[in-house]
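Below is one structure, written out as structure tokens, with a few remarks after it.
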Amino acid sequence: MATSALYACTKCNQRYPFEELSQGQQLCKECRIAHPIVKCTFCRSEFQQESKTNTICKKCAQNVKQFGTPKPCQYCNIIAAFIGTKCQRCTNSEKKYGPPQTCEQCKQQCAFDRKEEGRRKVDGKLLCWLCTLSYRRVLQKTKEQRKGFGSSNSSSLNEKDHHSRPHHHHHHHQQHRHSSSHHKLSGSLSPEQEQGLWNKR
Numbered sequence: 001m002a003t004s005a006l007y008a009c010t011k012c013n014q015r016y017p018f019e020e021l022s023q024g025q026q027l028c029k030e031c032r033i034a035h036p037i038v039k040c041t042f043c044r045s046e047f048q049q050e051s052k053t054n055t056i057c058k059k060c061a062q063n064v065k066q067f068g069t070p071k072p073c074q075y076c077n078i079i080a081a082f083i084g085t086k087c088q089r090c091t092n093s094e095k096k097y098g099p100p101q102t103c104e105q106c107k108q109q110c111a112f113d114r115k116e117e118g119r120r121k122v123d124g125k126l127l128c129w130l131c132t133l134s135y136r137r138v139l140q141k142t143k144e145q146r147k148g149f150g151s152s153n154s155s156s157l158n159e160k161d162h163h164s165r166p167h168h169h170h171h172h173h174q175q176h177r178h179s180s181s182h183h184k185l186s187g188s189l190s191p192e193q194e195q196g197l198w199n200k201r
């Protein structure tokens with residue numbers, strides 16, 4: 001019997017079937033429990049936790065060593081302004097897209113208009129970075145639920161097929177009724193008229 005191909009976990013390098021590894025990170029179940037995905041205390045981006053005491057991502061850890069504890073960003077309020085009053089994400093976005101606008105979700109003035117390319121990902125809404133992340137998570141869940149719904153939907157399609165069949169039977173029944181009423185009609189005629197009717201046939 002052929003065995004399915006095994007893939008190495010990116011953390012412990014042990015080999016597992018592909019479906020047992022997490023999407024994206026390619027981690028086995030044990031490593032997922034030992035090194036969960038958590039949000040950085042400062043910049044709020046997700047990272048792989050190395051140890052239980054590790055609550056900030058590598059990038060912020062380096063910045064803390066270099067610049068000290070960050071302050072809240074003047075735009076998004078995320079505690080990640082290491083240099084000046086703005087976090088790196090807002091600084092870069094401002095250079096690229098211009099001054100921030102009001103986020104349609106949280107109403108803070110920290111959303112950058114990424115034009116068509118960015119809005120397409122969140123159904124045309126103007127959202128800040130944090131609201132974009134949570135909106136995408138909701139979309140992903142909805143998509144997964146729809147997938148499950150789609151597979152159960154195919155069985156109801158067969159039922160529709162099944163319902164359309166008795167229609168023929170109904171039509172046949174009408175024809176039958178029509179011919180029986182014709183017999184009744186001929187039964188009320190006099191024998192001569194009936195004879196004439198049969199001759200016509």
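My numbering numbers the first residue of the sequence shown as 1 and each following residue consecutively.
Virtual Cβ for every residue (Gly too), placed ideally from N, Cα, C.
Since the model is a prediction, treat every value here as computed from it, not as a measurement.
Helix, strand or coil for residue i, going by three-state DSSP, please let me know.
| i | result |
| --- | --- |
| Arg15 | strand |
| Gln101 | strand |
| Gln108 | coil |
| Leu126 | coil |
| Lys86 | coil |
| Arg137 | helix |
| Arg114 | coil |
| Lys160 | In this predicted model, Lys160 has a pLDDT of only 46, less than 50, meaning its place in the structure is not dependable; the value taken from the coordinates is given anyway. Note: Lys160 maps to helix in three-state DSSP. |
Which residues does DSSP pair with residue i in a beta bridge?
| i | result |
| --- | --- |
| Ile78 | The partner list for Ile78 (beta bridge, DSSP) is empty, contrary to what the question assumes. |
| Tyr7 | Tyr16 |
| Lys71 | Ala81 |
Give me the Cβ distance between residue i and residue j, rounded to the nearest whole Å; I'm assuming they're in contact under 8 Å.
| i | j | result |
| --- | --- | --- |
| Glu46 | Lys39 | 6 Å |
| Tyr97 | Asp113 | 6 Å |
| Arg32 | Ser22 | 6 Å |
| Cys202 | Cys73 | Any answer about residue 202 is impossible in this case: the structure gives the chain only from 1 up to 201. |
| Gln25 | Gln62 | Not quite, the Cβ-Cβ distance comes to about 21 Å (not below 8 Å), so this is no contact. |
| Pro17 | Phe42 | Not quite, the Cβ-Cβ distance comes to about 37 Å (not below 8 Å), so this is no contact. |
| Gln204 | Cys76 | Residue 204 lies beyond the range of the chain shown here (1 to 201); nothing can be said about it. |
| Thr10 | Leu27 | 6 Å |
Is it buried or exposed, residue i, if we count other Cβ atoms within 10 angstroms and call 16 or more buried?
| i | result |
| --- | --- |
| His172 | For His172, the predicted model reports a pLDDT of 49, less than 50, meaning its position is unreliable and no value from the coordinates is stated. |
| Pro36 | exposed |
| Ile78 | buried |
| Arg89 | buried |
| Ala81 | buried |
| Asn13 | exposed |
| Leu6 | exposed |
| Pro99 | exposed |
| Ser134 | exposed |
| Ile83 | exposed |
| Ala8 | exposed |
| Leu127 | buried |
| Thr132 | buried |
| Leu130 | buried |
State yes or no: is the beta carbon of residue i nearer than 7 Å to at least one beta carbon in chain C?
| i | result |
| --- | --- |
| Tyr7 | Structure shown: chain C not included; a single protein chain is present. |
(message) Restricting to runs no shorter than 3 residues, where is the beta strand (DSSP E) found entirely within the segment 21-63?
(response) 37-39 and 46-48
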